[in-house]
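Participant: Numbers in the working numbering are just positions in the sequence shown, counted from 1, shifted up by 116. Note that beta-carbon positions come from the ideal geometry of N, C-alpha and C, so glycine has one too. Here the structure is a predicted model, which means the values were calculated and not measured. Have a look at this one before I ask anything.
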Amino acid sequence: MGTVAKKRGSARLRVLVQLLVAVLIAPAALMLAGTATAAAHPYDRFREDWVPAPGGVGHIKVRMWLANNGSNKAVYLLDGLRATNDVSGWEHETNAAWLSDHGVNVIMPVGGESSFYADWYAPNNFTNQPYTYKWESFLTQNLPNHLAARYGIDRSSNAVVGLSMGGNAALILAAHHRDKFRFAGAMSGYLNLSAPGMREAIRIAMLDAGRFNADAMWGPPWDPAWLRHDPLVQAERLRGLPMWISAGSGLPGPHNQPVTPIDYFNTATGMGLEALSLANTRSFEVQLAIMGIGAHYDYPPVGTHSWPYWQDQLWRMLPMLKASIGA
117 MGTVAKKRGS ARLRVLVQLL VAVLIAPAAL MLAGTATAAA HPYDRFREDW VPAPGGVGHI
177 KVRMWLANNG SNKAVYLLDG LRATNDVSGW EHETNAAWLS DHGVNVIMPV GGESSFYADW
237 YAPNNFTNQP YTYKWESFLT QNLPNHLAAR YGIDRSSNAV VGLSMGGNAA LILAAHHRDK
297 FRFAGAMSGY LNLSAPGMRE AIRIAMLDAG RFNADAMWGP PWDPAWLRHD PLVQAERLRG
357 LPMWISAGSG LPGPHNQPVT PIDYFNTATG MGLEALSLAN TRSFEVQLAI MGIGAHYDYP
417 PVGTHSWPYW QDQLWRMLPM LKASIGA
């Protein structure tokens with residue numbers, strides 16, 4: 117009986133020791149597991165910086181998601197005409213932050229409503245704007261320098277991608293700064309600003325989106341600045357640059373599910389805007405073909421001027437984007 121009691125006591129001791137070990141080790145294991153899981157989530161690699169900017173604005177907010185593998189390659193995502201000052205439409209409306217799970221630093225500058233991401237001549241006098249937009253200088257000087265110094269992101273091997281207004285800007289920034297960008301993506305852009313009525317249409321759109329004066333941006337319609345910012349006119353500067361150019365047909369598709377009157381209004385507006393973009397994009401394609409300049413074009417059979425379709429395009433272009441910048 118004494119031997120049996122000893123064995124039972126020894127067994128109890130072993131169980132007690134195992135429980136004690138479990139109590140001590142389990143929290144550490146859970147903490148490590150939690151860290152590993154968190155590291156896989158883009159918002160655990162999220163940063164927000166206020167970057168010094170020219171033009172009297174002081175600083176511009178930039179929200180970013182660092183690549184999961186420590187890559188030093190990045191994509192700058194440019195917003196549309198109605199960009200807001202809180203977060204980029206790319207963050208608010210899409211899952212673009214998850215690109216950082218694929219070895220690309222995702223950079224979203226915030227703000228720039230109706231700016232075309234250009235260096236303006238003067239402040240917007242219609243709203244008594246106290247500073248002058250200097251977005252081109254910011255995106256090609258201040259921001260790359262900041263990202264390189266703080267995060268080790270390459271100054272010269274990145275991608276720039278935008279939709280609508282941002283699509284124009286992506287091509288123009290890449291055209292004039294080939295030392296900064298190795299890939300450009302333009303979704304639903306207006307790529308033929310010299311087409312009849314386009315400059316007037318841009319002027320009206322800017323008034324509607326924030327009461328901005330196009331004269332403060334590029335001067336009157338005959339000013340050379342309009343030609344400098346017209347992707348079709350600047351096509352030669354895009355030769356040899358990998359480009360993803362897309363526009364939908366304007367026909368409603370699976371992402372259009374209108375229910376309320378405002379839904380139907382927005383769908384109709386998106387149909388018209390996308391049809392105009394498609395016409396501009398086709399003109400751009402023809403001009404580049406005549407000049408022997410290559411690009412990848414994507415024309416889905418359905419799609420309006422709206423975020424879900426741009427999100428689809430962003431993921432479709434990812435393999436080409438990564439290959440182009442070496443990510």
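Per DSSP, Asn274 is paired with what?
Facilitator: The sequence position of residue 274 within the sequence shown is 158, counting from 1. For Asn274, which the question treats as bridged, DSSP gives the partners Phe297.
Participant: Going by DSSP, which residues form a beta bridge with His412?
Facilitator: Within the sequence shown, numbered from 1, the residue matching residue 412 stands at position 296. Its beta-bridge partners are Trp360.
Participant: Between Met322 and the rest of its own chain, which residues show a CB-CB distance below 7 Å, the 5 nearest in sequence each way excluded?
Facilitator: Looking up residue 322 in the sequence shown gives position 206. Excluding sequence neighbours, Met322 sits near Ser230, Phe328, Ala330.
Participant: Compute the distance between the beta-carbons of Gly305 and Asn284, then report whether it is under 8 Å.
Facilitator: Residue 305 sits at position 189 when you count from the first residue of the sequence shown. Residue 284 sits at position 168 when you count from the first residue of the sequence shown. Yes; because the gap between Cβ atoms is below 8 Å, this pair is in contact.
Participant: Assign Gln245 to one of two classes, buried (16 or more other C-beta atoms within 10 Å of its C-beta) or exposed (fewer than that).
Facilitator: The residue given as residue 245 occupies position 129 in the sequence shown. Burial call: buried.
Participant: Rounded to whole angstroms, how far is the Cβ of Ala332 from the Cβ of Pro239, which I believe are closer than 8 Å?
Facilitator: Position 216 of the sequence shown, counting from 1, holds the residue named residue 332. Position 123 of the sequence shown, counting from 1, holds the residue named residue 239. The Cβ separation is near 7 Å, so the contact holds.
Participant: Figure out for me which residue from Met180, Pro168, Asp324, His175 has the closest Cα to the Cα of Asp160.
Facilitator: Here residue 160 corresponds to residue number 44 of the sequence shown, with the count starting at 1. Out of Met180, Pro168, Asp324, His175, the CA that lies nearest to the CA of Asp160 is found in Met180.
Participant: Answer yes or no: does any C-beta atom of chain D fall closer than 8 Å to that of Phe400?
Facilitator: This model lacks chain D altogether, as it is built from one protein chain only.
Participant: Apply the 10 Å Cβ neighbour rule to Phe232 and answer buried if 16 or more other Cβ atoms are within range, or exposed otherwise.
Facilitator: Translated into the one-based positions of the sequence shown, residue 232 becomes position 116. The residue is buried, with at least 16 neighbouring Cβ atoms inside 10 Å.
Participant: When the Cα of Tyr267 is compared with those of Ala183, Gly369, Ile288, which residue comes out closest?
Facilitator: For this step, residue 267 is matched to residue 151 along the sequence shown. For Tyr267, the nearest C-alpha among the options comes from Ala183.
Participant: Where does Arg179 fall in DSSP's three states?
Facilitator: Translated into positions along the sequence shown, residue 179 becomes position 63. Arg179: strand per DSSP, three-state reduction.
Participant: Using three-state DSSP, classify Asn241 as helix, strand or coil.
Facilitator: Against the sequence shown, residue 241 aligns to sequence position 125. The answer is coil: DSSP assigns Asn241 none of H, G, I, E or B.
Participant: Let me know the beta strand (DSSP E) ranges lying completely inside the region 202-274, each 3 residues or longer, listed in chain order.
Facilitator: 221-225
Participant: Tell me the DSSP secondary structure of Trp338 in three-state form.
Facilitator: Position 222 of the sequence shown, counted from the first residue, corresponds to residue 338. Residue state, collapsed to three classes: coil.
Participant: How is Ala443 classed by DSSP in three states: helix, strand or coil?
Facilitator: Position 327 of the sequence shown, counted from the first residue, corresponds to residue 443. Ala443: coil per DSSP, three-state reduction.
Participant: Kindly indicate which three-state DSSP category Gly432 falls into: helix, strand or coil?
Facilitator: As a position in the sequence shown, residue 432 is number 316, starting the count at 1. For clarity, residue 432 is Arg in the given sequence; the question names Gly instead. Residue state, collapsed to three classes: helix.
Participant: When we look at the beta-carbon of Ser272 and count the other beta-carbons within 10 Å, is it buried (16 or more) or exposed?
Facilitator: The residue labelled residue 272 in the question sits at position 156 within the sequence shown. Ser272 comes out exposed.
Participant: To the nearest angstrom, how far is it from the Cα of Pro260 to the Cα of Ile176?
Facilitator: In the sequence shown, residue 260 corresponds to position 144, counting from 1. In the sequence shown, residue 176 corresponds to position 60, counting from 1. Cα to Cα, the separation comes out at about 13 Å.
Participant: Using three-state DSSP, classify Ala332 as helix, strand or coil.
Facilitator: If you number the sequence shown from 1, residue 332 lands on position 216. Helix, per DSSP.
Participant: By the three-class DSSP mapping on this structure, what secondary structure does Asp379 have?
Facilitator: Locating residue 379 in the sequence shown gives position 263, counting from the first residue. Three-state DSSP puts Asp379 in a helix.
Participant: Report yes if the C-beta distance between Thr420 and Gly442 is below 8 Å; otherwise report no.
Facilitator: Position 304 of the sequence shown, counting from 1, holds the residue named residue 420. Position 326 of the sequence shown, counting from 1, holds the residue named residue 442. Inclusion of Thr420 and Gly442 in the CB contact set at 8 Å is not warranted, their separation being larger than that value.
Participant: If you run the structure through DSSP and keep just helix, strand and coil, what is Arg355?
Facilitator: Sequence index remark: in the sequence shown, residue 355 carries index 239 (1-based). In this structure, Arg355 counts as coil in the three-state DSSP scheme.
Participant: The beta strand (DSSP E) with Arg161 in it runs from where to where?
Facilitator: Against the sequence shown, residue 161 aligns to sequence position 45. Note, Arg161: premise wrong, no beta strand (DSSP E); not H, not E.
Participant: So, using beta-carbon positions, are Asn372 and Leu307 closer together than 8 Å?
Facilitator: In the sequence shown, the residue the question calls residue 372 occupies position 256. In the sequence shown, the residue the question calls residue 307 occupies position 191. Against a cut-off of 8 Å, the Cβ pair of Leu307 and Asn372 comes out as no contact.
Participant: Taking Cβ positions, are Phe299 and Pro347 nearer each other than 8 Å?
Facilitator: Taking the sequence shown and counting its residues from 1, one reaches residue 299 at position 183. Taking the sequence shown and counting its residues from 1, one reaches residue 347 at position 231. It is not a contact, given that the beta carbons lie outside the stated cut-off.
Participant: What does the Cβ neighbour count give for Ala405, buried or exposed, with the cut at 16 atoms within 10 Å?
Facilitator: In the sequence shown, residue 405 corresponds to position 289, counting from 1. Ala405 is classed as exposed because its beta carbon has fewer than 16 other beta carbons within 10 Å across all chains shown.
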